[in-house]
Structures are given as structure tokens and as C-alpha cells.
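Listed in order, the protein sequences are those of chains A and B. Add 3 to the 1-based position in the first sequence for the working numbering, that's all there is to it. Add 3 to the 1-based position in the second sequence for the working numbering, that's all there is to it. Cβ atoms here follow ideal geometry from the backbone N, Cα and C, with glycine treated the same way. Data first, discussion second: the structure below is written as C-alpha cells.
Number of protein chains: 2
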Amino acid sequence: MTEIKVSHSEPVFSISSAAKLLNISVHTLRMYEKEGLIIPFKKESKQRSYSKADLDRINCIRNAINESKISINGIKTIYSLIPCWQVVNCSEEDRKKCEGYNGHGKPCWTYDHPGTVCENKNCRECEVYNNFSECGKVKELIKSI
Amino acid sequence: MTEIKVSHSEPVFSISSAAKLLNISVHTLRMYEKEGLIIPFKKESKQRSYSKADLDRINCIRNAINESKISINGIKTIYSLIPCWQVVNCSEEDRKKCEGYNGHGKPCWTYDHPGTVCENKNCRECEVYNNFSECGKVKELIKSI
DNA sequence: GAAAGTTGGTATTTATAAATATCAACAACA
DNA sequence: TGTTGTTGATATTTATAAATACCAACTTTC
């Protein structure tokens, strides 16, 4: 039994070990990604890599699907309600242009953000993506506005 | 062909005519009610009665289920994110006690509201219930806070 | 350079949510 | 007062979302 210390956000797991740890198939992980629920780290070689934080996030999504019986499209819609504009505090002009602000049904991090403050941000590292993976947190955020 | 003028909110349709107009079964209507998605008017005789506004609301729910592929539990969770506390402008003390404010996954109108401003309100007539049946509207409300 | 793992894609299976069918007891209404 | 419709509740069907299996091409690793 060896213990290795790595940062919570360090992408250290390959897709197959992530799948094994989560007890799901590799394809399911790729499906969640395609649906825009998760943003795994990608090496130059295009290979995916997952952190402990990613695994926690995915567990939370699985819980929503399996326990709370919320469909994937339901989760996407809930994520699309996160008031990202408050979190990143973007300008009025940015909001006018932003698909995340104006769109429905898809999380902001599934869009490019041409011409906004988010344009050059890496959504994988954004608070909006990281802090509100569970629905309870989303409601807390809405309350705090 | 006769045209009858009735208020949009006047409950004039029996459950069977509502079902016929919506092209769904009577049982489905009762199921939506049991799930807390709709609050039909009830006569003293316990019989349900539906207004045109009810039919519009139900169409909107059907659209979420069939087109947007959001599960019923997903819709409930989305409704639970409506910032009702802003709409009814309830007090801090009310919020502390309120299951709608503190709970997760169920619309506020599925709770009793003992000891709050909502206690004696009829949720069927409440703005929170009436104005935000479609998800787009929910996001607009969150934006407007 | 051979083995093991990953890629994106489609085709298939399975688990179950959503809807339907059926029921006896009761209510409405002509 | 008899016909029609409603009630709640359970049992069953169906439609499909979520997950799995399989593929050939490509990477990584030792």
C-alpha cells in the first residue's frame, strides 16, 4: 500500500484508470464530455487526463443521474442557469455578445466566448465550472446574488 | 362553430376535455399534479378543473419532456431554483423557516409554508408558479436579480 | 517494434422513466 | 335513477436515455 500525494486538481489519471475508479466505462466518460458536462485535461497527444477533482465532479453528476433521476439534458439546463456573469463579473457589452449569457440549455463552458473576458480563459480552470458541479451549490449561488 | 370568451385563468375544462385538448391521457395529467408540476383548480367536490393558462403551462412542460429531453425530476429541480424569495420578497425570518428557500429538488409550491408570508397564499395564483413555467423565463428572472 | 492503451465512430443492449390500461367506489347531472 | 365522468391506486406497456460492445487507426511505453 503506497500513498502518493498529488494536488486535487492535478490531472494524473488516464481515462481507463478514471473509469475503473468510478466503476463506469471509458465510453461513458467520453459521452459526458461530448455532452459538455465535463472538461478533462488533454495532453498534446490529445489523450485525456483526469484529476481527483474531476472524479469528484463526475461522481456528483452520476449521483444526479442515478439517485436524483435528472436526465443529462436536465443537468445541462441546470448548469446553464448558473449566473456565470456574476461570478466572472463581465461587462454589459460582453453580456450582449455572450452565448452563455443569452443562450438556453447549455452550460456556458460549452461555448467559445469570442470578444468577451472569457475568450482567453480556460474554462477547465474557471470558478463557474469548478465550484457549482452540484445543484445545491447552484441554488446557494443564486441566493447569494 | 361557436366562440366562447373566458378569462385565460378561468378554470373551465374538465380533466377529460383538458386531456383531449392536450392529446394526452387523464392519468398523465394526474401524474404531473402528483409530481408537483401543476396545480389544477379543485371544486368543492374534489374534481379538477383546468384553465387555458393551465393548458399552456402543461404544453410547456410537455415540450421540456419531449423536445428538450428533460426528465420530470429535472424540471422539478429547475423549478426549485426559481428565486421565489425575490418574487414574493419574504423576510429573513421567513427564509430561515421556509422549506422552499432551504430545500432542494422540489418547487416551492409543493411545500406548505407554515409561519411565512406564503402560508395563506394560494400557490395556484402566485407569480412564482405562474410566470416561470418555462425554463427560459427562469433564467431571465435570475438575470434580473 | 511489439504490447497495451487511446482515439472517434457506429451499432446494440439494457434499464427505467413516462405513459397507458384497468379497477371498484364515488360524484355529477340530465 | 341511470348514464357519464371522476376519483385514487395498482399493474402493465412502451419509448428511449444511458450505458455497453465493437471497430480500425493511431499513441504511448518499455
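**Request:** Using a cut-off of 7 Å between C-beta atoms, extract the partners of residue 86 of chain B located in chain A.
**Result:** 145
**Message:** With the cut-off set at 8 Å, would you say residue 104 of chain A and residue 88 of chain A are in Cβ contact?
**Reply:** yes
**Message:** Which same chain residues end up closer than 7 Å to residue 135 of chain A when comparing Cβ atoms and leaving out the 5 residues on each side of it in sequence?
**Reply:** 85, 141, 144
**Message:** Could you compute how far the alpha carbon of residue 102 of chain B sits from the alpha carbon of residue 17 of chain A?
**Reply:** 42 Å
**Message:** Our contact map puts residue 12 of chain A next to residue 54 of chain A with C-beta atoms below 8 Å; I'd like the distance itself, whole angstroms only.
**Reply:** 5 Å
**Message:** Against residue 71 of chain B, what residues of chain A qualify as contacts under a CB-to-CB distance less than 8 Å, listed in chain order?
**Reply:** 76, 80, 108
**Ordered list of alpha helix (DSSP H) runs contained in the region 48-105 of chain B, each at least 4 residues** = 55-69, 75-83, 87-90, 95-100, 102-105
**Item:** For residue 146 of chain B, the three-state DSSP class (helix, strand or coil)
**Value:** helix
**Request:** Determine, using beta carbons only, whether residue 64 of chain B comes closer than 8 Å to chain A.
**Result:** no
**Asked** Just the Cα atoms here: how many angstroms apart are residue 28 of chain A and residue 51 of chain B?
**Response** 47 Å
**Message:** Quick check on this structure: which residue in A:94, A:49, A:74, A:41 has the alpha carbon closest to the alpha carbon of residue 56 of chain A?
**Reply:** A:41
**Asked** Got a sec, what are the start and stop residues for the alpha helix (DSSP H) residue 36 of chain B sits in?
**Response** 29-37
**Request:** Would you mind working out which of B:128, B:91, B:110 sits nearest residue 38 of chain B, comparing C-alpha positions?
**Result:** B:110
**Asked** In the DSSP assignment, what residue or residues form a beta bridge with residue 3 of chain B?
**Response** No statement about residue 3 of chain B is possible, as the shown extent of chain B runs from 4 to 148 and does not include it.
**Beta-carbon contacts of residue 97 of chain B that lie in its chain and below 7 Å, excluding the five residues immediately before and after** = 119, 120
**Prompt:** Is the CB of residue 141 of chain A under 8 Å away from at least one CB in chain B?
**Reply:** yes
**the region 70-85 of chain B in contact with the region 69-85 of chain A per 3-pair CB rule at 8 Å** = yes
**Item:** Beta carbon of residue 112 of chain A nearer than 8 Å to that of residue 91 of chain A
**Value:** no
**Request:** Would you verify that the beta carbon of residue 148 of chain A is, or is not, closer than 8 Å to some beta carbon of chain B?
**Result:** yes
**Request:** Can you give me the Cβ contacts of residue 125 of chain A inside the same chain, cut-off strictly under 6 Å, excluding the 5 residues immediately before and after it?
**Result:** none
**Item:** Spatial neighbours of residue 49 of chain A in its chain, beta-carbon cut-off 6 Å, leaving aside the 5 residues before and after
**Value:** none
**Counted within 10 angstroms of its Cβ, other Cβ atoms place residue 108 of chain A as buried (16 or more) or exposed** = buried
**Contact set for residue 14 of chain B: own chain, Cβ-Cβ below 8 Å, skip 5 residues either direction** = 43, 44, 52, 53, 54, 57
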